[in-house]
Each structure stands twice: as structure tokens, then as C-alpha cells.
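Novice: Chains as they are written, first to last, in the working numbering: chain U, 84 to 428; chain V, 5 to 273. Before I ask anything, here is the structure I am working with.
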Amino acid sequence: MGDTVEVAERVEAAPPGRPSRSILRRVGDEFLRRREASVLIVAVGLGVYFASAHPAFLTQPNLVNISRATAPTAIVAAGMVLVMVSGEIDLSVGAVYALAPFNMHYLVDYYSVPVIPAILLALLISAAIGFANGFITWVFKVPSFVTTLGTLNLVIGIVLVTSHAYPAPIPEQAAGRIQNWLGAADWSQLLWCVLIVGFFHLVLTSTRWGLHTVAVGGNLLGATEAGIRAGRIKIGNFMVVATLGGFAGIMDAFRINTIDPNLGGGTSIMFAAVSAAVIGGTALAGGSGTVIGAFLGALVLAELQNGMNLIGISANPYFLILGAAILISMIANVYLSRLRRAGRT
Amino acid sequence: MAGNANGEALRVEHIAKRFGGITALADVNLRLAKGEVLGLIGDNGAGKSTLIKIICGFHQPDAGTISVAGEEVVLKSVDHARALGIDTVYQDLALVNELTVYHNMFLNRELVRWPLLSNRRMQRLARRHLEDMGVRIPDVDVEVAKLSGGQRQAIAVARSVYTDAKILLLDEPLAAMGAKEGALILDLVRDLKQRGDVSIIIIAHNYGQILEVCDRINLLQHGSITFDKPTSETSVQELTDLVVAEYRAARTRGLAQDPTPDAPRGGRG
Numbered sequence: 084m085g086d087t088v089e090v091a092e093r094v095e096a097a098p099p100g101r102p103s104r105s106i107l108r109r110v111g112d113e114f115l116r117r118r119e120a121s122v123l124i125v126a127v128g129l130g131v132y133f134a135s136a137h138p139a140f141l142t143q144p145n146l147v148n149i150s151r152a153t154a155p156t157a158i159v160a161a162g163m164v165l166v167m168v169s170g171e172i173d174l175s176v177g178a179v180y181a182l183a184p185f186n187m188h189y190l191v192d193y194y195s196v197p198v199i200p201a202i203l204l205a206l207l208i209s210a211a212i213g214f215a216n217g218f219i220t221w222v223f224k225v226p227s228f229v230t231t232l233g234t235l236n237l238v239i240g241i242v243l244v245t246s247h248a249y250p251a252p253i254p255e256q257a258a259g260r261i262q263n264w265l266g267a268a269d270w271s272q273l274l275w276c277v278l279i280v281g282f283f284h285l286v287l288t289s290t291r292w293g294l295h296t297v298a299v300g301g302n303l304l305g306a307t308e309a310g311i312r313a314g315r316i317k318i319g320n321f322m323v324v325a326t327l328g329g330f331a332g333i334m335d336a337f338r339i340n341t342i343d344p345n346l347g348g349g350t351s352i353m354f355a356a357v358s359a360a361v362i363g364g365t366a367l368a369g370g371s372g373t374v375i376g377a378f379l380g381a382l383v384l385a386e387l388q389n390g391m392n393l394i395g396i397s398a399n400p401y402f403l404i405l406g407a408a409i410l411i412s413m414i415a416n417v418y419l420s421r422l423r424r425a426g427r428t
Numbered sequence: 005m006a007g008n009a010n011g012e013a014l015r016v017e018h019i020a021k022r023f024g025g026i027t028a029l030a031d032v033n034l035r036l037a038k039g040e041v042l043g044l045i046g047d048n049g050a051g052k053s054t055l056i057k058i059i060c061g062f063h064q065p066d067a068g069t070i071s072v073a074g075e076e077v078v079l080k081s082v083d084h085a086r087a088l089g090i091d092t093v094y095q096d097l098a099l100v101n102e103l104t105v106y107h108n109m110f111l112n113r114e115l116v117r118w119p120l121l122s123n124r125r126m127q128r129l130a131r132r133h134l135e136d137m138g139v140r141i142p143d144v145d146v147e148v149a150k151l152s153g154g155q156r157q158a159i160a161v162a163r164s165v166y167t168d169a170k171i172l173l174l175d176e177p178l179a180a181m182g183a184k185e186g187a188l189i190l191d192l193v194r195d196l197k198q199r200g201d202v203s204i205i206i207i208a209h210n211y212g213q214i215l216e217v218c219d220r221i222n223l224l225q226h227g228s229i230t231f232d233k234p235t236s237e238t239s240v241q242e243l244t245d246l247v248v249a250e251y252r253a254a255r256t257r258g259l260a261q262d263p264t265p266d267a268p269r270g271g272r273g
């Protein structure tokens, strides 16, 4: 990360007319052509600003806070990017995020399933909800916005009915090692986040699945005519985002040490993930987006919330800034992609 | 040439297809010799697109048979038809704008060193193949969105040829294309003809330029082939007269209402 920023600064600093200029310029072009460039600049810029504004920003406990605010959003956003690139959206992922830890709790405490299998089963159920989202969207041709609006409410209903709207404790068998590994330890969430983001970045950019996801989102008819099974791709991506949502939910439950049925009605993490994806350069219309961009988008959101908190601005203007950030980043994306398209190649 | 299975790439017999109450194809008979370029023309709603979609395995016919290289086949899917060497280049371009040229060239047949794509190998092969075919583009790793209509069409054709297509269906290859771009495509077809290992059906609405490269012309009217002549024995004038005469005849009978809409294209339906 540091290298790239340095390059960008040097490009700006390079006086015109020097022989090295063209090389630097090419490097700068290459950097700007990457979709993650603008959001990386914003993320680093915010970091520098808040670090200079408040000495506590760069302390280890605060960095842990930021990592914990970034990780679940970025994990969900990684899946959201895949879904959005394939031309759909999943509004229900926050509800799955709320449901998964309850399922783990029910399985362990009422059905005596050991913790690890219970977690895996809870993830499997999450995946099944994702499958239902994809299936309804693809087979019945219901727009995913509507499908997942339905399942969002449905799943929230399941959470509230089965839990009677009361929080539940973390199952005792999970306390200790498992809980620490899966969210409670300082850096565990960030570790999972980096693994997951790295993995899905690779999936999107360097595998057939990723290529077909772009193809289906970019030109559905063309992709179908090329023999790509679009339904499979879309349903699969719905399953990915739901599974990641369930995983993030379980990790957050472990971290806050309770299973809460009222986590913002399940919508706040979904909106955060969509925002992160969009700020990171993912197009709502499908066909383009980056997982690393979404991670940086989640980092920007976390920095904003944390930094504003530190320097004593109340939490309320956060939404003002978030709203402005989404709008500005969308306008910048449209503008930058036009520049990229015009390209100096 | 009839009866000579060796020289025959494709034979379509008594194909019929209905969509609800609309008869798209009534009774279509068509043959394509090896290495031949056949022009399939017809007015809007004559059933051209439906016929193409049947030959490429997208639709299944209600009746009739299809033989590929003398052997009768039932085409189950686009993949199946493609496995038999039948490939289509659509007028609305099957390329994905967001992907690079070489990813488009290899779309759904990507070279993979599991689990990752072999991008370098695909780049190299795509570059060499496009050079072989005389398709000139800035580079294979630019996004297709940056290319002109003619270049995109050429890449789509090159893609089909590259994947060992034996029978190539070009759906309106010159639609919405300037003269220079059109010439690029026609040159490509001529090159392919010279090589002789591909048989081509060109579907066209506007037949002026198309005639230049076709060996034979079939006219599709109201769901059947009503005219079949070598290009040398016909002319644009004759074809135009046929289409217009049919329209006039229909009008005097009071039947020239709105032309039957083409069958809905799959996926968009």
C-alpha cells in the first residue's frame, strides 16, 4: 500500500520536462487506471488526517477498533461485490447475519450439536437462504431487489419469533479457543477478513467463476449465448454472500459476546456492505467491481466513524458524510471510468 | 450436390416452429455444402432469427430434422450444437464489453491451470490467431468496449473460427456498420472461404453487400424457403422484386397487416 501512495505523490511532485517524467507518468497512469486507486487515496488520506488530528488514532487499541469495524463489513462486501458484478443485489444478507449465530446457538444448546459442526450447519443454512434468493430471482424472474426485500423481512421474522426478541448467550462450549479464533481475539476478525478478501479477489479476477460473473453481469444475453449458465453463476454468488453474511454474524456475536436479535434490524451491515462496494468502485448495474476496492470502502467507513468519534464530533453527522461519500465516489467512478475508457493506451 | 453426404455440411428438412399462436417457421428445407457461403435473406418476421436459433441449438423445432455432415442429430442445447461444430455470431454481439479481447475470445472455453486462468497463454494464442486472420486491433488486453463495431464483430467471428466451428452462422453481420467496417467483415468471410474448412450461413436483411461473398442465396418468406439460386444466377434486383411482389400480393389480399414479429430472443424474452 505504502509504495503505491508514494508513487502517486511522486507523480504529482515530478516537475515537468524531466526525462524521468514519462516513466513516472506511465506508472501514475497505470495506478490511476486501477479501479481501487481513488478509494485507496481516500482511505490513506483519511488515515493521515485523523492521525494528525488525534494522537489516539494510531494507537494499537484504536487500530483494533478500526479493524473490527472494517472486517465484518468487508467480509459481507466481498460477497456483495460478486452479487453486484453479476448484476444483482442482496438486501437480505443483514438478516442472515443476525440469524446465523442464533442457529448456532439453537443447534448447540437445544440439539447438542458440537460447536464446530453447529457453526458449519449455520453457514449451510445461510447458504440455503442465498440459494432461495438466487432461485427465486432467476427462475421466477423476480428482480433481486424485490426477492431479497422479501427474504430480508422473512428472515428477520424468523430471528424474532424463534428468539422471542431476547438476546442469547454464546454457547459455553464455544467460549475460549473457538470464540477467540472466530472474532473475540484482537486481530482475529482482521485475519479472517484479509483471507476472505484475498480469496474472493482472486476468484473474481483470476478464475473462470469470476470471469463468468463479469460476463453475466456485463452482457447477460451474450454470456448465455456463449453457453455460460447464468443461473448457476447468479445463484452461486447469492449463496456466497449469504454464507459470508452468516460468518460475519457469528464472528460479531463472538466478539460482542452475546447473540443479539436486534442488530439494527439486520439492515445496517447490509447497507454498510453495499456502501463499501459502491465506494470501492462496484457498479450497481453489474459487470464491474473489485473486492479489494470494497475492502478499502469498508475501511473508509470505519475510519470515518472511528475518527469522528475520536475528535469529538457526534455520531450524527457520520451519515451526512457517508451520504456525501457515496455520491462523490459514484460521480468520481463514472468520471474515472470514462477517463479509463478514453485511455491513453 | 444433393445426396452427396460427403460434400454436405448441413441439411435442414421440414423444420417447423410455433410460438403460442404464431407460426414462426412452417416448413423449412435448407442445405449447406462444405466450404459454401449461403446467404439467407428475408424480410422482418420471415423467421430468419428463429431458424438460426434452431440450427444453433437454442430452440428445439416442433417438427423436422437436422443433419450435420450427413448424420441426423437432435440439437439439445447451444453447447451441444457447438460441440458438433455449429457456432453463431449474433448481430447484437455476444461479446462482453467489460472483458478484454482475449477473455472474450476464450469466453466459456477459458484455458485454465486449475484453479486459475492461464491468462498469458490465452493472450498469446489470441494474439497469434487474430494476426493469422488479419484482424487488426490495438492489443488483445484492451477492453472490448474500446473497440469499434467492426473490430468487435471481427473478434466475434474470429472467436467462432478459433473454436473449430465447422458451420458458422453470421446473424446480420453488417447491421449498423459503416462501409469500411463492413468491408472488414466481408474480407474476413472471403478469407475463410478461401481456406475452405468452414461453411457459412449469412443471415441478412439488407442484401446488397452480402451478395458479393455468397455462393448461393436462399429467400425465407413466411416461414419457408421460397427461392434458392446460385448468386451468379440472380441479382439484387430480382431479390428485391420478389420481396416487394410478395408484399404487394399480400396487400391486395388485405393481409399485409403488421409483419409477424420475430420470435422473442432468448434471455430477453
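Using N, Cα and C, we set each Cβ at its ideal position, and we do this for glycine too.
1) Would you kindly report the start and end of the unbroken beta strand (DSSP E) that includes residue 176/V?
2) Considering only residues of the same chain and omitting the five flanking positions on each side of residue 286/V, which have a CB-CB separation below 7 Å?
3) By the 7 Å beta-carbon criterion, what residues does the stretch 306-318 of chain U contribute toward chain V?
4) According to the neighbour-count rule (16 or more other Cβ atoms, all chains shown, within 10 Å of its Cβ), is residue 207/V buried or exposed?
5) Going by the beta-carbon positions, is the gap between residue 15/V and residue 36/V smaller than 9 Å?
6) Taking residue 190/V as part of the alpha helix (DSSP H), name the residues at either end of that continuous run.
7) Ignoring anything shorter than 3 residues or poking outside the stretch 37-83 of chain V, list the beta strand (DSSP E) runs there in chain order.
8) Of all the residues that make up the stretch 260-293 of chain U, which are near chain V by a beta-carbon distance shorter than 7 Å?
9) For the alpha helix (DSSP H) containing residue 317/U, list its first residue and its last residue.
10) 9 Å is my cut-off, CB to CB: does residue 131/U come that close to chain V?
11) Would you tell me roughly how many angstroms separate the C-alpha atoms of residue 242/V and residue 220/U, rounded to the nearest one?
12) By alpha-carbon positions, which one of 214/V, 159/V, 112/V, 102/V ends up nearest to residue 290/U?
13) Would you be able to state if there are at least three C-beta pairs under 8 Å between the stretch 55-74 of chain V and the stretch 112-132 of chain V?
14) For the beta strand (DSSP E) containing residue 118/U, name the first residue and the last one.
15) Does residue 114/V come within less than 9 Å of chain U when only Cβ atoms are used?
16) Would you tell me roughly how many angstroms separate the C-alpha atoms of residue 214/V and residue 104/V, rounded to the nearest one?
17) Is it buried or exposed, residue 168/V, if we count other Cβ atoms within 10 angstroms and call 16 or more buried?
18) For a test of the three-state rule: what should DSSP assign to residue 16/V, helix, strand or coil?
19) What distance in whole Å lies between the Cβ atoms of residue 229/U and residue 209/U, which are believed to be in contact at a cut-off of 8 Å?
20) Just to check my reading of the structure: residue 19/V and residue 58/V have Cβ atoms closer than 8 Å, yes? What is that Cβ distance to the nearest angstrom?
21) Regarding residue 398/U and the ligand PLP, is the C-beta to nearest heavy atom distance less than 8 Å?
22) Tell me the residue span of the beta strand (DSSP E) that contains residue 140/U.
23) Whose C-beta lies closer than 6 Å to the C-beta of residue 356/U among residues of the same chain, with five residues either side of it excluded?
24) Start and end of the alpha helix (DSSP H) containing residue 304/U?
25) Would you please verify whether the beta carbon of residue 71/V is less than 9 Å from any beta carbon of chain U?
Specialist: In short:
1) It is not in any beta strand (DSSP E) - residue 176/V carries neither H nor E in the DSSP assignment.
2) Summary: the structure shown does not reach residue 286/V, with chain V confined to residues 5 through 273, and so no result is reported for it.
3) 306, 307, 308, 309, 310, 311
4) buried
5) yes
6) 183-199
7) 41-45, 67-72, 75-77
8) 289, 290, 291
9) 313-339
10) no
11) 50 Å
12) 112/V
13) no
14) Looking at the DSSP string, residue 118/U is not in any beta strand (DSSP E), and its letter there is neither H nor E.
15) yes
16) 29 Å
17) exposed
18) strand
19) Their Cβ separation, rounded to whole angstroms, is 20 Å, which puts residue 209/U and residue 229/U out of contact at 8 Å.
20) 6 Å
21) The model depicted lacks the ligand PLP and carries no ligand whatsoever.
22) Per DSSP, residue 140/U belongs to no beta strand (DSSP E) and is neither H nor E.
23) 156, 159, 160, 163
24) 303-308
25) no
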